[in-house]
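Peer 1:
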Amino acid sequence: MINFILLILLVSLILYIVLAGADLGAGILEIFKGRKLNDVQEKLITRAMGPVWEANHIWLILVVVILFVGFPKVFKNLSVVLHIPLTAFLVGIVFRGTSFTFRHYDAVKDQSQKYYSLFFSYSSLWTTMWMGIITGALILGQIPEVSTGLSFAELYINPWLNYFCILLGLFLCSLFSLVSSTFLLAESGTYQTREIFRKRAFYSTVLSVLIGASIFIYSRFSEIHALDLFFENSTSMGFFIFSSLLLGLQWFVIKCKKDKFLKFIGATQLTFIFLGWVSAQYPYVYFNKLTDRGLNILNSAAPDATILQLGIALIIGVILIFPPYIYLMSIFKRSSF
Amino acid sequence: MDNLLAARSQMAFSLIFHIIFACVGMVMPFFMSLSYWKYIKTRDMDYLKLTKMWMKGVAIFFAVGAVSGTLLSFELGLLWPEFMEKAGPIFGMPFSYEGAAFFLEAIALGIFLYGFDKVPEKIHWLSSLFVGIMGVLSGIFITSANSWMNSPAGFDFSRETGVYSNIEPIAAMFNDAWLSQALHMTLAAFCATSIAVIGIHSLLILKGINESFNKKAIKVALPFFLIASVLQPLSGDFSAKDIAKRQPEKLAALEAHFETQEGAPLIIGGIPNVAEGKVDYAIKIPKLLSFLAFGDFNAEVKGLNDFPEDERPPVLITHFAFQIMVGIGTFLLLVSLFIIMKIVRKKEVLTLTTLRLLTLGTPLGFIALEAGWIVTEVGRQPWIIYKVMKTADALTPVPGIQYSFVMFSILYIILSILVTWLFYRQVKIYQEL
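First to last, the sequence lines map onto chains A and B. According to the working numbering, the stretch in the first sequence is residues 21 to 357, in order. According to the working numbering, the stretch in the second sequence is residues 7 to 439, in order.
Encoded structure:
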C-alpha cells in the first residue's frame, strides 16, 4: 500500500509541476509581454487557465495531505527548517490566486485591471522563484537537525539562502516559462499570437539551457556535491539525457511549426527533469553527501493502519475524481482558441 | 507577544478569514442551483440573471477560499509541527476525504462556470447542485477533524513514554463530538450565509432598487434561512449537552460558572470576574443551567474552581463569545418565527418591518458563527488535543512568529478590503442592468 501512496504522491507532484507550472509560467511570461498584442495575450492566458487553475491547485493540497497523514515526519521537518521560504511561497500563492480571480471576475473592467495583472505576473515570478529555492534546498540537502543547538541563521536561513538555490529558482522560472509558452503556443488560434509565443518558447529554451549549465558549472567549482547523486545514478542520468533530447526535439518542432505536438513534448520534458531528480534522491527527501545524512521518506511513514486507510481514501478519490476531471478537461481544452 | 500567542493569533486570524469564504462556498451554490432550476422551469430571465450574479460571487469567494485553505494546510505544519507529526496519522483521514470532496467541488464549479452553452442544460444544472453537496461534505469532514481535537479517539496514548499506539483512523474520524459539531456547523453555515444574502437584497429593496428582482432573490434564499435558524437552537442544545458530558471545563468557561453546585443557574450576560470567581452584572435564571446541560433541574454542574488551575480555559473570551453567539442565534430565531407566522397567516411577508429586520441581520449570522468557533477553540485551551497535548507543546521551534503574524494579518486585511470592494462593485453593476 505504501508504494501505491508514494506513486500517487509522485503523480500528484508531476501533475502539479506540469499544470501549475504552465499556469505560473503564464504569469511570468506576462511580465515580458511587451506592448504588442497585450490584450490578446492576456485573454488567451485567462481563457486557457480560467477553467482549470483551481483544479490544478488542488494537486498541491493533495501532496500536503498525503505528507501529513502518511509521512508526518517529512511534513514536520520541512515545515520547520523551510519555514521562511515556505511562508514566502504561500504569500505568492495567495497573491497570484486572488489577483487572477479578481482580474477575471471583477464586474467592472477599469484601471484596476492593470494592478491585478501586475500583481498576477510578479507574484507568479515570486512564487516560482521560491518553489525553486525550496527545491534547491532539498537537492543541496544541507539541512541540519533542529535539536543541535545551532544559530537561527544556521538552522533556518543557510539551508536555502545560497547561490545554488537562487540559481535553481531562476532555472525553474525559465523552465515554467518554457512549458507555458509551449502550452500557449499550442492553444492559440491566430498566427500572430502563435508567433509571439514561438519567440517566448525560443528565449526560454535558451535561458533554461544557460541557467542549467551555470548550475552545473557552479556546482563543480564550488565543490557542492549535491549533483553527484545525479551522475552516479543511471536511471537519473537516463531521464536527464532523454529530457535534453526532448529539448532538442522541441526546438526542432518549434522551428518547423508542428505546434500540436508541443504540449505533449513540453510536459514530458518537464516531467523527465523532475523524475531525474526524484530517482537520484529516492527514498531521500533530502540527502547530504558530506555528512551522509538525510530524511528517508520510507522511515518516516505513518503506522500501517493509517497507511492502509490513506490508501483506501486515495483509491476512492482516484475513482471518483478522474472521470469528472477528464470531462472538465475535455470540454474546455478540446477546442483551441 | 510571545511566540505561542503569535502563533495562536495567526492561526485564529487565518481561520476567521477562511471560514467566511468556506461557508459561502458551501451554501451559495444551493441558492445558485435553486435559482437556475427556477429559470429552467419558468424561463424567467430574472432567475438566470440571479444565477449568473451569484455564480460570479461564488467564483470569487471560492477562489479566495481555495487559496486561504491552501495556506491553512501549510500553516498547520508551519505553526504546529509537533502536533501534526503526532496527530497527522490519527486525525488526518477526514482531510484526505475533504481533499477529494473539494476536488470534486472545484471540478463541478469549473463545469458550471464555463459550461453555459457548452454542456447540456440538465448536466449543467446538476453540476451546480454538485458544487453545493461537495462543499457541505468538505465542511463536514473538516469539522470532523476539528472535533477529534475536542474528543480524541482512535489511539492509545502513554503519558510516560509519549507514544501514540493502536491507531485507528476511522474511529478517530467518527469520534464522539463529530456529529454534534458537524450538525451545528452545517446549520450555522446555512444560517449565516442565507441571512447575509437575504439582508443585502433586503437593503437593496429598502433603497428602492429593482424591487421585483431582489424579491425573487430573497424568495430563493429564505427557505434555507427559516429552516436553518429554527433548527440551530436545537442543535445547539445537543452540542451543549454533549460538551457538558465530555468537556465540563469548556461548559464552565463559556457559562463563567465558577463554583460547583447542584441546581446551577443559567448566567446571561455579565462580566466574569476571574480573580474573585464571580460574574458581575449578570442575569441569573435559577436551575436552568443544570436543566439545559443534563436535563435535570437539580443536576450538579462542576465549576471552574474544581479544575486544576493550569487546565482552565480563558473565561472572559469564551464567555463573551458564547453570549454573542447565543444572543444572535435567539434574535435570528425570533425573526424566523415572525416570518413563519406571517406565511402561515398568509400575510404579506416582505413588509417594511421585515425588510428592516432582515437588513439588520446581514452581518449577524457570520458574527455568531465566528463567535461559536471562538467558543470551541478558546474553550479547549490550554489543550490542542484535549487532555493529551498542550498547545504550547505543539508550537514550532522557529522563533519570530510575531513577524509572520503581523505580515499575514496585513495580508488578510488587504484581502478583506479588496473582496468587499469587488463584491460591492458586483452588486452595483448587476442592479444597474
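Just so it is clear, CB atoms sit at the ideal spot from N, CA and C, and this is done for glycine as well.
I need the straight-line Cα distance from B/PRO35 to A/TYR345, nearest angstrom please.
Peer 2: On the second sequence, position 29 is the one that residue 35 of chain B refers to. On the first sequence, position 325 is the one that residue 345 of chain A refers to. About 19 Å.
Peer 1: Kindly indicate the opening and closing residues of the alpha helix (DSSP H) around A/TYR136.
Peer 2: Stepping through the first sequence from its first residue, residue 136 of chain A is reached at position 116. That run of the alpha helix (DSSP H) goes 132 to 160.
Peer 1: If we ignore side chains and look at the alpha-carbon of each, how far apart do B/ASP316 and B/LYS396 end up?
Peer 2: Looking up residue 316 of chain B in the second sequence gives position 310. Looking up residue 396 of chain B in the second sequence gives position 390. Cα to Cα, B/ASP316 sits roughly 10 Å from B/LYS396.
Peer 1: B/SER134 and B/SER39: beta carbons closer than 8 Å?
Peer 2: As a first step, residue 134 of chain B must be located in the second sequence, where it is residue number 128. As a first step, residue 39 of chain B must be located in the second sequence, where it is residue number 33. Yes.
Peer 1: At a CB-CB cut-off below 7 Å, which residues of chain A make contact with B/GLN408?
Peer 2: Locating residue 408 of chain B in the second sequence gives position 402, counting from the first residue. Per Cβ cutoff of 7 Å: no residues; B/GLN408 is ~13 Å from chain A at best.
Peer 1: Please list the terminal residues of the continuous beta strand (DSSP E) segment that includes B/TRP389.
Peer 2: Start at 1 with the first residue of the second sequence, and residue 389 of chain B comes out as number 383. Start and end: 389 to 391.
Peer 1: Under 8 Å between C-beta atoms, does B/ILE113 make it to chain A?
Peer 2: Within the second sequence, the letter at position 107 stands for residue 113 of chain B. Judged by the 8 Å Cβ criterion, B/ILE113 is in contact with chain A.
Peer 1: Three-state secondary structure (DSSP) at B/VAL355?
Peer 2: Residue 355 of chain B sits at position 349 when you count from the first residue of the second sequence. Coil.
Peer 1: Tell me where the alpha helix (DSSP H) around A/ARG116 begins and ends.
Peer 2: Residue numbering aside, residue 116 of chain A sits at position 96 when the first sequence is read from its first letter. For A/ARG116, the uninterrupted alpha helix (DSSP H) run begins and ends at 103 to 125, by DSSP.
Peer 1: Any beta carbon from chain A within less than 8 Å of B/SER79's own beta carbon?
Peer 2: As a first step, residue 79 of chain B must be located in the second sequence, where it is residue number 73. It does; some Cβ of chain A falls within 8 Å.
Peer 1: Between the segment 328 to 337 of chain A and the segment 105 to 115 of chain B, are three or more C-beta pairs nearer than 8 Å?
Peer 2: With a cut-off of 8 Å, the segment 105 to 115 of chain B and the segment 328 to 337 of chain A count as touching, because enough Cβ pairs lie within range.
Peer 1: Is the CB of A/SER99 under 8 Å away from at least one CB in chain B?
Peer 2: Within the first sequence, residue 99 of chain A is the residue found at index 79, counting from 1. It does: the Cβ of A/SER99 has a partner Cβ on chain B nearer than 8 Å.
Peer 1: What residues in the segment 389 to 404 of chain B bring their beta carbon closer than 8 Å to a beta carbon of chain A?
Peer 2: THR402, PRO403, VAL404
Peer 1: Can you list, in chain order, the residues of its chain whose CB lies under 7 Å from that of B/ILE26, leaving out five sequence neighbours each side?
Peer 2: Translated into the one-based positions of the second sequence, residue 26 of chain B becomes position 20. PHE372, listed in sequence order.
Peer 1: Taking only runs that begin and end inside the segment 149 to 215 of chain B, name each unbroken beta strand (DSSP E) of 3 or more residues, in chain order.
Peer 2: none
Peer 1: If we count the other Cβ atoms within 10 Å of its Cβ and call it buried at 16 or more, is A/HIS245 buried or exposed?
Peer 2: Here residue 245 of chain A corresponds to residue number 225 of the first sequence, with the count starting at 1. A/HIS245 is exposed by the Cβ-count criterion.
Peer 1: Could one say the Cβ of A/TYR125 lies closer than 8 Å to chain B's Cβ atoms, at least one of them?
Peer 2: To locate residue 125 of chain A, count along the first sequence from 1; it is residue 105. So, interface residue.
Peer 1: Within 10 angstroms of its Cβ, does A/PHE357 collect 16 or more other Cβ (buried), or is it exposed?
Peer 2: The count along the first sequence starts at 1 and reaches residue 357 of chain A at position 337. At A/PHE357 the pLDDT is 35, less than 50, meaning the model places this residue with poor confidence and gives no usable figure here.
Peer 1: Could you tell me the distance, in whole angstroms, from the CA atom of A/ILE317 to the CA atom of A/VAL114?
Peer 2: Within the first sequence, residue 317 of chain A is the residue found at index 297, counting from 1. Within the first sequence, residue 114 of chain A is the residue found at index 94, counting from 1. Taking the straight line joining both Cα atoms gives about 29 Å.
Peer 1: What residues match up with B/VAL307 in a beta bridge as DSSP calls it?
Peer 2: Sequence index remark: in the second sequence, residue 307 of chain B carries index 301 (1-based). The beta-bridge partner set that DSSP reports for B/VAL307 consists of B/GLN267.
Peer 1: Are the segment 98 to 109 of chain A and the segment 145 to 156 of chain A in contact at 8 Å, needing three or more beta carbon pairs?
Peer 2: yes
Peer 1: So A/GLN329 and B/PRO175 are in contact, right, with Cβ under 8 Å, and what is the actual spacing, rounded?
Peer 2: Indexing the first sequence from 1 puts residue 329 of chain A at position 309. Indexing the second sequence from 1 puts residue 175 of chain B at position 169. Their Cβ separation, rounded to whole angstroms, is 4 Å, which keeps A/GLN329 and B/PRO175 in contact under 8 Å.
Peer 1: To the nearest whole angstrom, what separates the beta carbons of B/GLY309 and B/GLN267, a pair I think is in contact under 8 Å?
Peer 2: As a working note, residue 309 of chain B is residue 303 in the second sequence. As a working note, residue 267 of chain B is residue 261 in the second sequence. Contact between B/GLY309 and B/GLN267 holds: CB atoms are separated by about 7 Å, below the 8 Å threshold.
Peer 1: Going by beta carbon distance, what residues of the same chain come within less than 8 Å of B/GLU81, once the five residues before and after it are set aside?
Peer 2: Against the second sequence, residue 81 of chain B aligns to sequence position 75. Closer than 8 Å at the Cβ level, and outside the excluded window around B/GLU81, lie GLN16, MET17, SER20.
Peer 1: For B/THR192, collect the residues of the same chain with a Cβ closer than 7 Å to its Cβ; drop the 5 residues on either side in sequence, then sort them by chain order.
Peer 2: Residue 192 of chain B sits at position 186 when you count from the first residue of the second sequence. Answer for B/THR192: VAL142, GLY145, ILE146, listed in chain order.
Peer 1: Applying a beta-carbon distance threshold of less than 9 Å, which residues of chain A neighbour B/PHE108?
Peer 2: Taking the second sequence and counting its residues from 1, the one referred to as residue 108 of chain B is at position 102. Those within 9 Å of B/PHE108 in chain A are ILE78, ILE81.
Peer 1: Counting contacts by CB-CB distance shorter than 8 Å, is A/SER356 in contact with chain B?
Peer 2: What you label residue 356 of chain A is simply residue 336 of the first sequence in a count that begins at 1. With a pLDDT of 39 at A/SER356, under the threshold of 50, the predicted position of this residue should be treated as unreliable, and no value is reported.
Peer 1: Nearest chain B C-beta to A/LEU334 closer than 8 Å, yes or no?
Peer 2: The residue given as residue 334 of chain A occupies position 314 in the first sequence. Closer than 8 Å to some Cβ of chain B, the Cβ of A/LEU334 qualifies, so yes.
Peer 1: Looking at the strands, I want to know which residues DSSP matches up with A/LEU35.
Peer 2: The count along the first sequence starts at 1 and reaches residue 35 of chain A at position 15. A/LEU35 is not bridged to any residue.
Peer 1: Can you list, in chain order, the residues of its chain with a C-beta nearer than 8 Å to that of A/LEU190? Leave out the 5 residues immediately preceding and following it.
Peer 2: In the first sequence, residue 190 of chain A corresponds to position 170, counting from 1. These residues qualify, in order along the chain: MET149, GLY152, ILE231.
Peer 1: Tell me whether A/TYR302 sits in a helix, a strand or coil according to DSSP, three-state version.
Peer 2: Along the first sequence, one-based indexing puts residue 302 of chain A at 282. Coil.
Peer 1: Where does A/CYS185 land, buried or exposed, given buried means 16+ other C-beta within 10 angstroms?
Peer 2: The residue you call residue 185 of chain A lines up with position 165 of the first sequence. Classification for A/CYS185: buried.
Peer 1: Excluding five sequence neighbours on each side, which residues of the same chain lie with their C-beta closer than 8 Å to the C-beta of B/ILE345?
Peer 2: Locating residue 345 of chain B in the second sequence gives position 339, counting from the first residue. Same-chain partners within the cutoff: LEU228, LEU232, VAL355, THR360.
Peer 1: According to a CB-to-CB cut-off of less than 8 Å, which residues of the segment 37 to 51 of chain A neighbour chain E?
Peer 2: Given the protein chain composition of this structure (A and B), no chain E is represented.
Peer 1: With A/LEU315 as the anchor, note down where its alpha helix (DSSP H) starts and where it stops.
Peer 2: Along the first sequence, read from residue 1 onward, the residue named residue 315 of chain A stands at position 295. No alpha helix (DSSP H) contains A/LEU315, which is instead part of the beta strand (DSSP E) from 313 to 316.
Peer 1: Looking only at C-alpha atoms, which of B/ASP50, B/LEU84, B/PHE326 sits nearest to B/LEU10?
Peer 2: Counting from 1 along the second sequence, the entry for residue 10 of chain B is found at position 4. Answer by Cα proximity: B/LEU84.
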